[in-house]
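Chemist: The listed protein sequences derive, respectively, from chains W and E.
Quick note: the first sequence uses this note's numbering, first residue 3, plus one each step.
Quick note: the second sequence uses this note's numbering, first residue 1108, plus one each step.
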Amino acid sequence: MKLLSCKETTRLVSQGLDRELAFAERVALRVHFAYCLGCRRASRQMKFLRQAVRELPART
Amino acid sequence: MPAPDDFRTQLEALRPYLLRYASLQLRDAAAAEDTVQEALLAALAGEASFAGRANLRTWLTGILKHKIVDAIRRQAREPVVSAYADEEPGEIDELFSERGHWNERPAAWGDPDGALEQAQFFRALERCLERLPSRTAQVFMLREHLGFETGEICKELSITPTHCWVLLYRARMTLRECLQQTWFGK
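Okay, structure coming up:
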């Protein structure tokens, strides 16, 4: 199995928010997350972004 | 039910908020003005359907959302494609090395849930959204704020799913970076 780069990983994480990922893609992500703290954070932050944007606009 | 004039005054008081909301998604001041005007007229005509509901702002935002989607559809059909011209790629590439590793590893975000309690945070988020190229911002807001499926967005805007994913990826990465710099990294 080909290992993902961080760039490929973030792209796949983003697509995972828009379409159902294939089994092989999900496995590849897990493998990458296992050793990459940066991508784990980026993934969490993209999901957080979704939640925040849903709650827009600012209550002022 | 409040007197008609009273209702009109309450609606008018919300106009600045509505304009900001529409601009964020339409990225065109004139289109935002028109859309808010349409929503306010629809609200005046539909006052009876508001009767008894608790929150005028929520009700009005619901009306405006529909008008915004209509406006985006109209824009997409216009032969002048200025707002739809493609924008510069490249910013994402700067985040990674040639081999695709982070140039700078993303930092942890302290207390993101706490940020969601602060009006200031949403202001920062709005400012980051305003910096996105307009088409990217529109697609992103249709997806993440209004909750459309990518399939629907592609169809309405006549773009391919692959292009749609690329725009959404760019939007997320750019916003993540922007919030890191303007909020979480401070």
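Glycine residues also receive a C-beta, built at the ideal position from the N, C-alpha and C atoms.
Since the model is a prediction, treat every value here as computed from it, not as a measurement.
Which of the three DSSP states, helix, strand or coil, is assigned to residue 1189 of chain E?
Modeler: Annotation note: pLDDT 45 at residue 1189 of chain E (below 50); position unreliable, coordinate value reported separately. It is helical.
Chemist: Name the two residues that bound the continuous alpha helix (DSSP H) containing residue 1173 of chain E.
Modeler: 1163-1184
Chemist: Can you give the Cα-Cα distance for residue 50 of chain W and residue 1131 of chain E, rounded to whole angstroms?
Modeler: 19 Å
Chemist: Of all the beta strand (DSSP E) runs that stay within the bounds of the stretch 1209-1261 of chain E, which reach a length of 3 or more residues?
Modeler: none
Chemist: Residue 20 of chain W: which of E:1278, E:1178, E:1128, E:1222 sits nearest, CA to CA?
Modeler: E:1278
Chemist: If the cut-off is 7 Å on Cβ atoms, which residues from the stretch 1154-1170 of chain E count as contacting chain W, listed in chain order?
Modeler: Listed in sequence order: no entries.
Chemist: Does any residue of chain W bring its CB to less than 8 Å from the CB of residue 1250 of chain E?
Modeler: Interface residue, yes.
Chemist: Assuming residue 1130 of chain E is part of the alpha helix (DSSP H), what are its boundary residues?
Modeler: 1122-1133
Chemist: In the stretch 1120-1145 of chain E, which residues sit with their C-beta less than 8 Å from some C-beta in chain W, listed in chain order?
Modeler: 1124, 1127, 1128, 1131
Chemist: I need the straight-line Cα distance from residue 1136 of chain E to residue 1241 of chain E, nearest angstrom please.
Modeler: 12 Å
Chemist: Does the stretch 1146-1163 of chain E come into contact with the stretch 1113-1121 of chain E, if we say contact requires no fewer than three beta-carbon pairs (one atom in each stretch) closer than 8 Å?
Modeler: yes
Chemist: Chain E beta carbons: is any one of them nearer than 8 Å to that of residue 32 of chain W?
Modeler: no
Chemist: Check the Cβ of residue 1219 of chain E against every Cβ in chain W and list those closer than 9 Å, keeping chain order.
Modeler: 46, 47, 50, 53, 54
Chemist: Relative to the C-alpha of residue 1235 of chain E, which candidate in E:1207, E:1200, E:1283 has its C-alpha closest?
Modeler: E:1283
Chemist: Would you kindly report the start and end of the unbroken alpha helix (DSSP H) that includes residue 35 of chain W?
Modeler: Run containing residue 35 of chain W: 25-37, per the alpha helix (DSSP H) assignment.
Chemist: Terminal residues of the continuous alpha helix (DSSP H) containing residue 1144 of chain E?
Modeler: 1136-1152
Chemist: Please name the residues in the stretch 10-32 of chain W whose beta-carbon is closer than 9 Å to at least one beta-carbon of chain E, in chain order.
Modeler: 10, 11, 12, 13, 15, 16, 17, 19, 20, 21
Chemist: What's the C-alpha gap between residue 41 of chain W and residue 35 of chain W?
Modeler: 6 Å
Chemist: Tell me the residue span of the alpha helix (DSSP H) that contains residue 59 of chain W.
Modeler: Where residue 59 of chain W is concerned, there is no enclosing alpha helix (DSSP H), given that its DSSP letter is neither H nor E.
Chemist: Quick one: list the residues of chain W neighbouring residue 1208 of chain E, beta-carbon separation under 7 Å, in chain order.
Modeler: 7, 8
Chemist: State yes or no: is the C-beta of residue 1253 of chain E within less than 8 Å of the C-beta of residue 1176 of chain E?
Modeler: yes
Chemist: Identify, in the order they occur along the chain, each residue of the same chain with its Cβ nearer than 6 Å to the Cβ of residue 1216 of chain E, setting aside the five sequence neighbours on each side.
Modeler: 1291
Chemist: Would you mind working out which of W:28, W:16, W:17, W:22 sits nearest residue 5 of chain W, comparing C-alpha positions?
Modeler: W:28
Chemist: Return the Cβ separation of residue 8 of chain W and residue 1270 of chain E in integer angstroms, given the expectation that the two are a contact with Cβ distance under 8 Å.
Modeler: Residue 8 of chain W to residue 1270 of chain E, Cβ: 23 Å. No contact.
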